[in-house]
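So the protein sequences, as listed, match chains A and B.
According to this note's numbering, the first sequence is numbered sequentially starting from 1.
According to this note's numbering, the second sequence is numbered sequentially starting from 338.
What follows is a set of notes on a single structure, which appears directly below.
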Amino acid sequence: MILNKKNLTPLLESMAAGRDVFVPARVDGVAKFALFGEGVECAFDLVNTTMPPKDLLFPQTQKMYHFDVDANGNYRIREYDESREQVVFGIRPCDMRSIVCLDEVFLTKGFVDEFYANAREKLLTVCIGCASAAETCFCESMGVDPQAAPNADIMLQDCGEVYRVLAQTPKGEAEVANWAAFVEEGDAEPVACELSLAVDMDGVVDKLEGLYDHPIWENLSIKCLNCGTCTYVCPTCHCFDISQDMRRKDGVRFRCWDSCMFSEYTMMAGGHNPRPEKLERVRNRFMHKLNFFERRYGMSLCVGCGRCVEKCPVALDITRLIDDIGACDVVPVAQAE
Amino acid sequence: MSGIEISHGCAKGERPLIPQVCRVVEITQETPDVKSFRLQTLDGKKPFDCMPGQLGMFGLLAYGECMFVVSAQSDEWVQFTVKKVGLVTEQLHALCVGDEVSLRGPYGNWWPTEGCKGKDMLFIAGGIGLPPVRSFLLYCLEHREDFGRIDLVYSGSKYDDLVFKEQLFEIWPNEPDMHVHVSLYREDPQWSGDIGYTAPYLETLDLGPEDGNRVAVICGGPSLSRTCRESLVKAGFDEGNIITTLEMRMKCGVGKCGRCNMGGHFICLDGPIFTLEEIGRMHSDV
Numbered sequence: 001m002i003l004n005k006k007n008l009t010p011l012l013e014s015m016a017a018g019r020d021v022f023v024p025a026r027v028d029g030v031a032k033f034a035l036f037g038e039g040v041e042c043a044f045d046l047v048n049t050t051m052p053p054k055d056l057l058f059p060q061t062q063k064m065y066h067f068d069v070d071a072n073g074n075y076r077i078r079e080y081d082e083s084r085e086q087v088v089f090g091i092r093p094c095d096m097r098s099i100v101c102l103d104e105v106f107l108t109k110g111f112v113d114e115f116y117a118n119a120r121e122k123l124l125t126v127c128i129g130c131a132s133a134a135e136t137c138f139c140e141s142m143g144v145d146p147q148a149a150p151n152a153d154i155m156l157q158d159c160g161e162v163y164r165v166l167a168q169t170p171k172g173e174a175e176v177a178n179w180a181a182f183v184e185e186g187d188a189e190p191v192a193c194e195l196s197l198a199v200d201m202d203g204v205v206d207k208l209e210g211l212y213d214h215p216i217w218e219n220l221s222i223k224c225l226n227c228g229t230c231t232y233v234c235p236t237c238h239c240f241d242i243s244q245d246m247r248r249k250d251g252v253r254f255r256c257w258d259s260c261m262f263s264e265y266t267m268m269a270g271g272h273n274p275r276p277e278k279l280e281r282v283r284n285r286f287m288h289k290l291n292f293f294e295r296r297y298g299m300s301l302c303v304g305c306g307r308c309v310e311k312c313p314v315a316l317d318i319t320r321l322i323d324d325i326g327a328c329d330v331v332p333v334a335q336a337e
Numbered sequence: 338m339s340g341i342e343i344s345h346g347c348a349k350g351e352r353p354l355i356p357q358v359c360r361v362v363e364i365t366q367e368t369p370d371v372k373s374f375r376l377q378t379l380d381g382k383k384p385f386d387c388m389p390g391q392l393g394m395f396g397l398l399a400y401g402e403c404m405f406v407v408s409a410q411s412d413e414w415v416q417f418t419v420k421k422v423g424l425v426t427e428q429l430h431a432l433c434v435g436d437e438v439s440l441r442g443p444y445g446n447w448w449p450t451e452g453c454k455g456k457d458m459l460f461i462a463g464g465i466g467l468p469p470v471r472s473f474l475l476y477c478l479e480h481r482e483d484f485g486r487i488d489l490v491y492s493g494s495k496y497d498d499l500v501f502k503e504q505l506f507e508i509w510p511n512e513p514d515m516h517v518h519v520s521l522y523r524e525d526p527q528w529s530g531d532i533g534y535t536a537p538y539l540e541t542l543d544l545g546p547e548d549g550n551r552v553a554v555i556c557g558g559p560s561l562s563r564t565c566r567e568s569l570v571k572a573g574f575d576e577g578n579i580i581t582t583l584e585m586r587m588k589c590g591v592g593k594c595g596r597c598n599m600g601g602h603f604i605c606l607d608g609p610i611f612t613l614e615e616i617g618r619m620h621s622d623v
């Protein structure tokens, strides 16, 4: 089945009836996923949005529950579910891979995060493959195929004039059944995406076991500003804070994105901070991406989207770090912790 | 692996982020800045069932919530022992009996009560480190026949800071084959007992590893933990027979919000209880 690119807008208009459809767009100069509708121009020419689509599943600020005071002056919890049917249309394969990571974090290990689970269940993912790559893209090195995303409900492989349509889940099949007016029978060959940036991950995870006290981290952290930009633009960074707001007798408990780059992140009430300096924080972030997550969930927490490489104000580059780790003369340790 | 086997990542639960409203049914002033709070549900029941050593997120809806080890429990209540150190704990200290609070949990793993059966137990704590350790100690006393000799080595910076004084000085010393050793870090007009920091004091007590039959349980600040660990290893303890409960800033309690990681492990979910042998194999900043 193929979809002519000329039919994209009519298809989106039909999909947006009664549902929120998010598409890549430039909003106030920032490339991100925006609600499709009047005044929003789809930017399918963008290889990658500046902001990842993770906020559709894990909003930057999310109300968890209200609490208010009853007639006796006692607090009562009122639950709150903001989740609704959403479609993300035009998400890229790297960002689809990030959802594999987020699913592991929020849905496994004995506790299901209900806020994420509700949003995830109601999200339809339509992935568009990449025919070209940005200079900072290195997804292939992280095991992502720029023209494939096995966990997307629907995969649209870029074949130049048309997309090759693959319905990959029951949810995707049900959706594509409504696309008859926009698609046609046929097949096409996906354009081969050429990436200019690559890293060699061979041995990196295991080498990191022996590099915890290596000068590599000191060299890396010297120029880091701890600004947190990398964590905000990262599609897999998922740390959050929980806080509350009270207005008169009405309160809300919410969570919001947090960053391991900030010293307050681990600061304890008694004054002790286990990661007091940039060195510990930078090391923890990269170890989490390249080693800790791999050991815990069996996959890398870096998907090679290149956002942090592009946006870091001091050009701190994870691909160069990976090269440096590869060049280190240490014995790889394959055992899990 | 040698030493005591500890379960990790064994807690499970539904709707982990939504608290229940509970009521404070009893408050004990333990020291000038430490209080214990017994909590029940609004209909007078125990808020949750938990194993000794597990955690609960106890707080006030309007001010926030903090993670504590359940310091004691019965069939009717759970208890938390709270030192006043920050914004939330200051508000908790202002609570009165009958007030409502928020509580969620239980989280984390628990003391290896089965694995320690038949062992001599050496509990080591400093200051506010005693409440977490006490949850295990109380279990041992309730199941006295399952354990050998019990030693408690406890110290604090001044007499007023010692928690659970009645148990320390009147109840526990009279338990069968239980030996309580208390020291203060410096001279105190109210104190005529031993003086010394925990680790050197511990060394004077000559409590050896008993050929692997004695298990040490440590809870204290970073310097206490480090020095006592060194003393125990010097005395011949296997690191697999030294157990500790760790602390770190926590928000979610279920290994998702990210901050309490120690390498690829989360203290709230996989911990807080580990052997030193396990910690030695991790990339730990704690």
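For glycine and all other residues, C-beta sits at the position ideal for the given N, C-alpha and C.
List the endpoints of the continuous alpha helix (DSSP H) containing Lys372(B).
Unbroken run through Lys372(B) is the beta strand (DSSP E), 371-378; no alpha helix (DSSP H).
If you measure between the beta carbons of Val425(B) and Leu397(B), is that distance less than 8 Å?
Yes, they are a contact pair.
Going along chain A in order, which residues have a C-beta closer than 7 Å to the C-beta of Val591(B)?
Chain A residues near Val591(B): Phe111.
Residue burial classification, Arg566(B) (beta-carbon count within 10 angstroms, cutoff 16)
buried
Within the chosen definition, does the region 176-191 of chain A reach the region 11-18 of chain A through at least 3 CB pairs nearer than 8 Å?
Result yes; three or more Cβ-Cβ pairs closer than 8 Å.
Just by C-beta distance, which residues in the region 223-241 of chain A are closer than 9 Å to chain B?
Cys237, His238, Cys239, Phe240, Asp241
Put Phe33(A) into one of helix, strand or coil per three-state DSSP.
strand
Any beta-carbon of chain C closer than 8 Å to the one on Gly557(B)?
In summary, chain C is missing from the structure at hand, where the protein chains are A and B.
Given this structure, state the Cα-to-Cα distance separating Phe385(B) from Arg441(B), to the nearest angstrom.
9 Å
Can you grab the Cα-Cα spacing for the pair Gln325(A) / Ile318(A), in whole Å?
The question names Gln, yet the displayed sequence has Ile at residue 325(A). Approximately 10 Å, taken between the alpha carbons.
For Val252(A) versus Asp245(A), is the C-beta spacing smaller than 8 Å?
It is a contact, given that the beta carbons lie within the stated cut-off.
By Cβ distance below 6 Å, which residues in the same chain neighbour Thr564(B) in space, the five residues on each side in sequence not counted?
Ala536
Unbroken beta strand (DSSP E) run spanning Asn178(A), endpoints
Segment: none, Asn178(A) is in no beta strand (DSSP E) and carries neither H nor E.
Find the residues of chain B that neighbour Cys130(A), judging by a C-beta separation of less than 8 Å, and give them in chain order.
The premise fails here: Cys130(A) is roughly 29 Å from chain B at the closest Cβ pair, so nothing lies under 8 Å.
For Pro609(B), decide whether its Cβ has a neighbour in chain A, counting only Cβ atoms nearer than 8 Å.
no
Could you tell me which of Val282(A), Gly304(A), Leu57(A) sits nearest to Val88(A), measuring between CA atoms?
Leu57(A)
Report the neighbours of Gln244(A) on chain B: residues whose CB is nearer than 8 Å to its CB, in chain order.
Chain B residues near Gln244(A): Leu398, Ala399, Tyr400, Gly401.
Taking Leu467(B) as the query, report the chain A residues whose CB atoms sit under 7 Å from its CB, ordered along the chain.
Within 7 Å Cβ-Cβ: nothing; Leu467(B) doesn't reach chain A, min ~15 Å.
Whose C-beta lies closer than 8 Å to the C-beta of Pro313(A) among residues of the same chain, with five residues either side of it excluded?
Leu225, Cys227, Thr229
Cβ of Pro274(A) less than 8 Å from any chain B Cβ?
yes
Residue environment, Phe22(A), which counts as buried when at least 16 other CB atoms sit within 10 Å
buried
Which full runs of the beta strand (DSSP E) of 3+ residues lie inside the region 483-550 of chain B, going along the chain?
Whole beta strand (DSSP E) segments, 3+ residues: 487-493, 515-521.
Cutoff 8 Å: Glu614(B) Cβ touching any chain A Cβ:
no
Could you check what DSSP says for Val554(B) in three-state terms: helix, strand or coil?
strand
Under 7 Å by beta carbon: chain B residues contacting Ala269(A)
Val422, Gly423, Thr426
Ordered along the chain, which non-local residues of its own chain (more than five positions away) have a Cβ less than 7 Å from that of Val162(A)?
Ile2, Leu3, Asn4, Lys5, Ala188
Phe22(A) bridges to which residues according to DSSP?
Leu35(A), Val88(A)
DSSP three-state label for Ala149(A), please.
coil
Exposed or buried, Cys308(A), counting other C-beta atoms within 10 Å across all chains shown (16 or more means buried)?
With 16 or more Cβ atoms within 10 Å of its Cβ, Cys308(A) is classed as buried.
Quick check on the burial criterion: 16 or more other C-beta atoms within 10 angstroms. Buried or exposed for Arg352(B)?
exposed
Under DSSP, the alpha helix (DSSP H) around Ala117(A) begins and ends at which residues?
114-121
Please return the same chain residues whose Cβ sits closer than 6 Å to the Cβ of Pro609(B), not counting the five positions on each side in sequence.
Gly445, Thr582, Leu583
Own chain, CB closer than 7 Å to His238(A), minus 5 neighbours either side, in chain order:
Closer than 7 Å at the Cβ level, and outside the excluded window around His238(A), lie Phe58, Leu102, Val105.
Below 8 Å between beta carbons: does that hold for Val371(B) and Leu392(B)?
no
Could you check what DSSP says for Thr450(B) in three-state terms: helix, strand or coil?
coil
State the DSSP-derived secondary structure class of Phe44(A), mapped to helix, strand or coil.
Phe44(A): coil per DSSP, three-state reduction.
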